[in-house]
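Chemist: Chains as they are written, first to last, in the working numbering: chain A, 1 to 221; chain B, 222 to 295. The C-beta atom is built at its ideal place from N, Cα and C for all residues, glycine as well. All values reported here derive from a predicted model rather than from experimental measurement. This is the structure, below, for whatever I ask next.
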Amino acid sequence: MAMRNLDVADLILVAAAAGVAADPDDVARDSDIGLLSLIAEQSARAGTIVAAAAETLVGIAAGRPFPSANAAAAWLATAHFLALNRSIADLSEPDVVALVRETAAGRLDERDVAAALDRGIRRRTGRLGQVARFLFAAKGCMTNVQMLHWRCPACGGEIVIPGFPGGWMNRPTAHERTAICAKQNHTHDRTGISRDGAELGDPLVALSREVDRLRSLLVTQ
Amino acid sequence: MPETKNILLRLDPTLAAQLQAVADIEQRPISDVVREAIRELVASRRKDKRFQQRLNATLKDQQRVLRQLKGDER
Chain A
1 MAMRNLDVAD LILVAAAAGV AADPDDVARD SDIGLLSLIA EQSARAGTIV
51 AAAAETLVGI AAGRPFPSAN AAAAWLATAH FLALNRSIAD LSEPDVVALV
101 RETAAGRLDE RDVAAALDRG IRRRTGRLGQ VARFLFAAKG CMTNVQMLHW
151 RCPACGGEIV IPGFPGGWMN RPTAHERTAI CAKQNHTHDR TGISRDGAEL
201 GDPLVALSRE VDRLRSLLVT Q
Chain B
222 MPETKNILLR LDPTLAAQLQ AVADIEQRPI SDVVREAIRE LVASRRKDKR
272 FQQRLNATLK DQQRVLRQLK GDER
C-alpha cells in the first residue's frame with residue numbers, strides 16, 4: 001500500500017494544531033518554508049513508514065522550521081503521519097518526551113529515532129478488520145474457555161455449552177441448542193418434540209409441522 | 222508590515238522555470254507567487270475532512286505529551 005506523506009501544507013496545519021499559531025496562514029508566514037519543503041521531501045523519499053516518521057521528527061525537532069513549539073509540532077506531525085498510515089507508536093509518555101527532547105538537543109539522529117520508533121510501532125486495525133475480528137476471531141486462547149448459558153428455543157430450559165465468550169460465529173444455532181437441551185434436560189427429543197408427545201417451543205415450528213401433516217393427508221387422499 | 226524572512230527553496234528545474242514564468246507574466250516577485258501557492262494549498266487542505274478528523278483524533282490522543290513538550294521553548 002502506498003505511503004501517505006505529509007507535504008508542506010500538512011506540516012503547517014499540524015503546527016497550527018500543535019500551538020505554533022492559531023491561524024495556519026500565520027504559521028506559513030513565519031515558518032522556514034524551505035526547510036519544511038526539505039523535510040517533506042526527505043520523508044517522502046524514505047523507504048518505510050518508520051524511516052519517514054523518523055525524518056519528520058528529526059527534521060522538525062532539530063531543524064526548528066517553526067517560530068515556536070517545534071518539539072510539540074515534531075511529535076504531533078510524527079504521530080499524525082503514523083495515524084494516516086494506519087500505525088501507532090506504542091511508547092510511554094515519558095519515553096516520547098525523552099525521545100523528542102533528545103532529538104531536539106541533537107543527541108539522536110534519524111537512525112536512532114527510527115530504531116526507537118520501531119520498537120513501539122504497531123499497525124492499527126481498520127474498520128473492516130475490526131468487524132472481521134469481532135465476527136470470526138475466538139476471544140482469547142483455550143484457557144479462556146467458559147461455560148456459556150443459553151436458552152433452548154423449544155422448551156425455554158437453560159443449557160450450558162463450553163465455548164469462547166464473544167464473537168458472533170460462536171453462537172450455537174437453534175437446532176444445536178434444541179439438540180443439546182434434549183441431551184442435558186431430557187424434556188424433549190433432539191427435534192423439540194416432548195417426551196410425552198406434546199408440541200413444545202416456537203409456534204411457527206408447530207405450525208410448520210401441522211402444515212406438513214395436512215399436506216401428507218392430502219397426498220394420501 | 223509583518224516581519225518577513227528569506228528562505229531557501231529547493232525546486233526541480235521544470236517547476237522553477239514554471240514559477241519564474243508565472244512571476245514574469247504577473248510581474249510579481251517569485252516569493253509572492255510561492256507564498257500565494259502555499260496559502261492556497263493550506264486552504265484546500267483545511268477542507269480535507271478526513272485529514273482534519275484524523276488530526277483532531279491524534280491531537281486528543283497526544284494531548285498530555287504535547288502539553289509537556291510545549292513548555293520546552295517558552
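Terminal residues of the continuous alpha helix (DSSP H) containing L76(A)?
Modeler: 70 to 84
Chemist: Using the three-state DSSP reduction, which class does M222(B) fall into: helix, strand or coil?
Modeler: Its pLDDT being 44, under 50, M222(B) is placed unreliably by the model, and nothing is read from it.
Chemist: Taking the alpha-carbon positions, what's the H149(A) to S194(A) distance?
Modeler: 21 Å
Chemist: With the cut-off set at 7 Å, would you say G59(A) and I33(A) are in Cβ contact?
Modeler: Cβ distance not < 7 Å, so G59(A) and I33(A) don't count as in contact.
Chemist: Count the C-beta pairs between the stretch 105 to 120 of chain A and the stretch 41 to 61 of chain A that are closer than 8 Å, then say yes if the count reaches three, no if not.
Modeler: In the pairwise beta carbon analysis, the stretch 105 to 120 of chain A is classified as touching the stretch 41 to 61 of chain A: at least three pairs are separated by under 8 Å.
Chemist: Of the residues L290(B), S265(B), I251(B), which one's Cα is nearest the Cα of P24(A)?
Modeler: S265(B)
Chemist: Roughly how many whole angstroms lie between the Cα atoms of Q99(A) and R122(A)?
Modeler: Reading the sequence as shown, one finds Leu at residue 99(A) and not Gln. One C-alpha to the other measures close to 18 Å.
Chemist: Using the rule of at least 16 other Cβ atoms within 10 Å of the residue's Cβ for burial, across every protein chain shown, is L217(A) buried or exposed?
Modeler: L217(A) is exposed by the Cβ-count criterion.
Chemist: If you draw a straight line from the C-alpha of C181(A) to the C-alpha of A154(A), how long is it?
Modeler: 9 Å
Chemist: Along chain B, in chain order, which residues have C-beta atoms closer than 8 Å to that of M75(A)?
Modeler: The displayed chain sequence assigns Trp, not Met, to residue 75(A). Those are Q283, V286, L287, L290, listed as they occur along chain B.
Chemist: I need the straight-line Cα distance from Q273(B) to R124(A), nearest angstrom please.
Modeler: Roughly 18 Å between the two C-alpha positions.
Chemist: Does the beta-carbon distance from F66(A) to S92(A) come in below 7 Å?
Modeler: no
Chemist: Quick one: list the residues of chain B neighbouring D10(A), beta-carbon separation under 8 Å, in chain order.
Modeler: R266, F272
Chemist: Taking the straight line between their C-alpha atoms, what separation do you get for G106(A) and A62(A)?
Modeler: 6 Å
Chemist: Nearest-angstrom Cα distance between V131(A) and T173(A)?
Modeler: 21 Å
Chemist: Between the Cα of T187(A) and those of C152(A), R171(A), L214(A), D212(A), spot the shortest distance and give me the residue it belongs to.
Modeler: C152(A)
Chemist: Would you verify that the beta carbon of R249(B) is, or is not, closer than 7 Å to some beta carbon of chain A?
Modeler: Judged by the 7 Å Cβ criterion, R249(B) is not in contact with chain A.
Chemist: Could you check if Q284(B) is buried or exposed, using at least 16 other CB atoms within 10 Å of its CB as the buried criterion?
Modeler: Label assigned to Q284(B): exposed.
Chemist: Residues in the same chain with beta-carbon distance under 6 Å from V14(A), minus the five sequence neighbours each way, listed in chain order, please.
Modeler: L76, A77, H80
Chemist: Once DSSP output is grouped into helix, strand and coil, what is the label at A89(A)?
Modeler: Residue state, collapsed to three classes: strand.
Chemist: Go through its chain and collect everything with a Cβ distance to M222(B)'s Cβ below 6 Å, but skip five positions before and after it.
Modeler: Unreliable placement is indicated for M222(B), whose pLDDT of 44 sits below 50; no coordinate value is reported for it.
Chemist: Taking CB distances under 7 Å as the criterion, tell me whether H186(A) reaches chain B.
Modeler: no
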